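Report on the structure given below.
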Amino acid sequence: MRVSRLFAVLAILLFGFAYVNAQTVLRAGIDVDAGTMDPRLGRDTTALRMQELLFNGLVYLDSEVVPQPDLAESWEFLSPTELVFKLREGVTFHDGSAFDAEDVVYTYQTILSDTFGAPRRSLYTPISEIVATGTHEVTFRLEQPFAPILQYLDMGIVPSDVAEAQGDAFSDHPVGTGPFTLANWSRGATITLAANDNYFKGRPSIDQVVISVIPDNNVRLIALESGDLDLIHSPIPPQDLARLNASPALDVSAINALGYTYLNVNLENPILSDVRVRKALAYLTDRDTISEVLFYGMDTPGTSFLLPGTYYYSEEVNVYDFNVERAAELLAEAGWADTNGDGILDKDGQALRIELTTNVDPNRQQVLEFLQGEWAQLGIDASVRVYEWPSFIADVENGIYDIALIGWLNLADPDRSYLAFYTGGDSNYGSYSNPRVDELLDEGRTETNLAVRKSIYTEAATIITDDLPYIFLVNQGYIVVHNPALVGFDVRPTGSWKSLESATFGN
Amino acid sequence: MFIPVVLGVLTIVFITLRSIPGDPAAIFVGPDGTLADRQRVTEAMGLDKPIVVQYGIYVWRALQGDFGRSIFLRTEVSELIRQTFPATLELAVLAMLATVAIAIPLGVLAAINANTPFDYAATFISLIGVSMPIFWFGVLAILLFSLNLGWLPSFGRGPGLFPAIASGDSGMVVSALKYALLPSMTLAVTSVALVARLVRSSMLEILGLDYVRTARAKGASERRVVVRHAFRNALLSVITVLGLQFGTLLGGAVVTEIIFAWPGLGRLVVNAISQRDFPLIQGSVVLVAISISFMNLLVDLSYAWINPRIRYA
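First to last, the protein sequences are chains C and L. Heads up: the first sequence at position 226 corresponds to 252 in this note's numbering, and the numbers run straight through without jumps. Heads up: the second sequence at position 93 corresponds to 190 in this note's numbering, and the numbers run straight through without jumps.
Here it is, written out as structure tokens:
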């Protein structure tokens, strides 16, 4: 069985062209391999993407990031802390066994277990109990009302008996209910998926998806242009975007992703603890130029943690348009002046020196160097240091930085920013604290009325953009470039490839 | 000699990894993880134990060939190495063959034709080869041969040369060679240039020695003088450098592997380093160190074959 599978894969690799002419094999290129195929353990973007093709969650997030029924047929809040799901009947896993409520209970219980080591466990800790209240009915009980819960229930459901029996081996041999099965996984090289003949929404019309891991952004693009691939997605070198858009042989889709890039300001720093200095820096940060020139319009100017394209986006926050005069006034107001004529502002004998840091990434480095130049025109002496991610993030977590350029990803709900802005929150690196923001974040977490919740987050975003613990730079874009013959691939802010279940190759 | 080298490598890798900043548990739980999550992961990884205890467990297991499980890939390190090392070895061996096949004739011809236009051209090309960054050469080669000419695949290993040879299918071997051509040539560029220059200078030195003049005087053909008398002696220093180059090729394959999406050990290790995946880094570095020591042993043994004056007791 295994040998024949291996031969099938080799045959496809070797005679890929023959299959492509029949337009049933999709060849995609990605930047990193998946760390695991077990949805409960997924932490990298590729793992999350694969889990959606191999598994189904109770819900999935659509193009507007709104939860839609997947393995759940419907759901109902019996009370603010009790949520009941009616499950689909007649669904089978890849091994032929039937899906039922026990599988849902098992999946979430292992994630919540102390010993399992699920990286996204903290999203689910407000759940106090999961009970199978029927063969196809599951009840989630919460410790307190937790508004974003539905956004997080797209986690793939694993078959309890198989996952339990396989243990760690389940990572390599996943069994789900999804549109595709894992035919072969050659670490660091290719992931081959085969259509699931018994998929409950109907067999996908794409027979095979062969995903090649190509780390270099330029080479991935060349492979697409030379016809060795049918689909690639972000990261794509921004400078190539205009050329790709002009090519009739390629279909380019760009949308807002669920992430932003920003400057994290360390409020423990005596210079930066003065909000006037932070506002001056915000006015001196030309987000339009950063977006248009450094990111070629791929990432759009950012204003707050409420992202465009989501329900919670708001324009009522404080926005700092590039304004050198206003920045100069604010710095003067804060007592900074060049008293010794060396070209650098000073106050009480201390020069206005700031270190800007980020991890190794050409675009991020360019942004910091650009800011260094912009800020220098008012006498701010900014230095730039770029270093390797683990060392960089360890410094940021320990508060050893002045201003750090970082990004947040996968912000499917505004509550994902809770720990970043809450007083003493684990990812509140810059020691920001505002009691009103804490109150609002707590209210947002429990409020289930969408309109009220939106006004809560708008108020929080307004205060945060006035206090400026973050200087927002750009909202990340998500780009997919594919062979125009691929029809029905729906580009979603989550970066999901789930629509491959219904996409086809038109001719 | 072998055991102390391995112990030394084990210790250096351990100390280096523990002294650089970056906490695997923090990277594992990610920015969304709470401090409590991180503490739990630290304990699960055994990183809360005293450093001496960690070292003891690690050395004891390593000496039995057990490097544990990768923290992030949740697979045995030995299994990951088994999956990826053949690809890296394949690339290094092909690059080595290319080096020998191109650099030695080039160097010998340059020496015979010293100070002629051919020699200047060979030296010029060698200088470019030594100074050109691999990643730049690699991308240019892909642009030319894959995108513009469409002769060769732009990425990947295809069926792999070793598995293809094992299968005995000639079509598969040809396909594997097509995939391997650009990456192995790219990897070989620097060593071809380096070795060609070395061969040239050693040959020039030897061709000026008395015994070569004697050989010519006794009427040996020029071909016999160059190949039998001069080249065999020049080979001694060339073999030494080739041995060292093999280590460089094995370790230096990382950049080539990244550009050509070659599924080898180098890429695995680079990812492991950026995630601070201690068991995977330790296992891979020790394996590469052992391979290089083994290569050095082969080089030492070859001296006796090339130069009969050297005998190992």
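The C-beta atom is built at its ideal place from N, Cα and C for all residues, glycine as well. Keep in mind that this is a model prediction, so the values were computed, not measured.
Distance check for residue j and residue i, CA to CA, integer angstroms please.
i: residue 312 (chain C); j: residue 238 (chain L); result: 39 Å
i: residue 182 (chain C); j: residue 63 (chain C); result: 10 Å
i: residue 91 (chain C); j: residue 282 (chain C); result: 12 Å
i: residue 499 (chain C); j: residue 421 (chain C); result: 21 Å
i: residue 165 (chain L); j: residue 345 (chain L); result: 27 Å
i: residue 45 (chain C); j: residue 389 (chain C); result: Here residue 45 (chain C) scores only 44 on pLDDT, less than 50, and its place in the model should not be relied on; the value that follows carries that caveat. Cα to Cα, residue 45 (chain C) sits roughly 38 Å from residue 389 (chain C).
i: residue 228 (chain L); j: residue 290 (chain L); result: 9 Å
i: residue 39 (chain C); j: residue 120 (chain C); result: Summary for residue 39 (chain C): the model assigns pLDDT 49, below 50, so the residue's position carries little reliability; its value from the coordinates is reported in the next sentence. Straight-line Cα distance between these residues: approximately 24 Å.
i: residue 175 (chain L); j: residue 380 (chain L); result: 8 Å
i: residue 386 (chain C); j: residue 426 (chain C); result: 17 Å
i: residue 397 (chain L); j: residue 391 (chain L); result: 10 Å
i: residue 308 (chain L); j: residue 204 (chain L); result: 21 Å
i: residue 358 (chain L); j: residue 368 (chain L); result: 13 Å
i: residue 179 (chain C); j: residue 429 (chain C); result: 35 Å
i: residue 24 (chain C); j: residue 203 (chain C); result: The requested residue 24 (chain C) is not part of the displayed model; chain C covers only 27 to 533.
i: residue 143 (chain C); j: residue 137 (chain C); result: 7 Å
i: residue 521 (chain C); j: residue 350 (chain L); result: 32 Å
i: residue 358 (chain C); j: residue 373 (chain C); result: 10 Å
i: residue 95 (chain C); j: residue 162 (chain C); result: 14 Å
Could you tell me the boundaries of the alpha helix (DSSP H) in which residue i lies?
i: residue 451 (chain C); result: Taken as a continuous stretch (DSSP letters only), residue 451 (chain C) belongs to no alpha helix (DSSP H), as it is neither H nor E.
i: residue 352 (chain L); result: 329-356
i: residue 523 (chain C); result: Neither: residue 523 (chain C) is in no alpha helix (DSSP H) and is coded neither H nor E.
i: residue 472 (chain C); result: 461-472
i: residue 271 (chain L); result: 267-304
i: residue 157 (chain L); result: 148-160
Taking 8 Å as the threshold (beta carbon to beta carbon), is residue i in contact with chain C?
i: residue 284 (chain L); result: no
i: residue 385 (chain L); result: no
i: residue 163 (chain L); result: no
i: residue 366 (chain L); result: no
i: residue 169 (chain L); result: yes
i: residue 137 (chain L); result: yes
i: residue 376 (chain L); result: no
i: residue 119 (chain L); result: yes
i: residue 397 (chain L); result: no
With H, G and I counted as helix, E and B as strand and the rest as coil, what does DSSP make of residue i?
i: residue 162 (chain C); result: coil
i: residue 69 (chain C); result: coil
i: residue 440 (chain C); result: helix
i: residue 71 (chain L); result: Nothing can be reported for residue 71 (chain L): it is not among the residues displayed for chain L, which extend from 98 to 410.
i: residue 146 (chain C); result: coil
i: residue 233 (chain L); result: helix
i: residue 55 (chain C); result: strand
i: residue 243 (chain L); result: helix
i: residue 415 (chain C); result: helix
i: residue 282 (chain C); result: strand
i: residue 117 (chain L); result: coil
i: residue 95 (chain C); result: strand
i: residue 368 (chain L); result: helix
i: residue 80 (chain C); result: helix
i: residue 101 (chain C); result: strand
i: residue 169 (chain L); result: coil
Report the neighbours of residue i on chain L: residues whose CB is nearer than 7 Å to its CB, in chain order.
i: residue 406 (chain C); result: What residue 406 (chain C) touches in chain L: nothing, since even the nearest Cβ is about 28 Å away.
i: residue 240 (chain C); result: 252 and 358
i: residue 415 (chain C); result: 371
i: residue 145 (chain C); result: 125, 126, 127 and 130
i: residue 69 (chain C); result: 127
i: residue 180 (chain C); result: What residue 180 (chain C) touches in chain L: nothing, since even the nearest Cβ is about 15 Å away.
Counting only Cβ pairs nearer than 7 Å, list the residues of chain C close to residue i.
i: residue 417 (chain L); result: What the structure shows of chain L is the stretch from 98 to 410, and residue 417 (chain L) is not part of that stretch, so it cannot be assessed.
By the DSSP assignment, the beta strand (DSSP E) with residue i in it spans what residues?
i: residue 313 (chain L); result: Note, residue 313 (chain L): premise wrong, no beta strand (DSSP E); alpha helix (DSSP H) at 307-314.
i: residue 352 (chain C); result: Not the beta strand (DSSP E): residue 352 (chain C) falls in the alpha helix (DSSP H), residues 350-359.
i: residue 433 (chain C); result: 429-434
What does residue i touch in chain L if you count any residue whose Cβ is under 9 Å from its own?
i: residue 301 (chain C); result: None at all; the shortest Cβ gap to chain L is about 25 Å.
i: residue 66 (chain C); result: In chain order: nothing, as chain L lies at least about 12 Å away.
i: residue 521 (chain C); result: Those within 9 Å of residue 521 (chain C) in chain L number zero; the least Cβ separation is about 16 Å.
Quick one: is residue i near chain L, going by C-beta distance under 8 Å?
i: residue 190 (chain C); result: no
i: residue 38 (chain C); result: Because the pLDDT at residue 38 (chain C) is just 49, under 50, the model does not fix this residue reliably, and the point stays unresolved.
Which residues in chain C sit within 8 Å of residue i, going by Cβ to Cβ distance?
i: residue 243 (chain L); result: 248, 249, 252 and 254
Using a Cβ cut-off of 8 Å, pull out every chain L residue sitting near residue i, in sequence order please.
i: residue 244 (chain C); result: 236
i: residue 423 (chain C); result: 123
List the residues of chain C whose Cβ lies closer than 9 Å to the Cβ of residue i, in chain order.
i: residue 247 (chain L); result: 252 and 253
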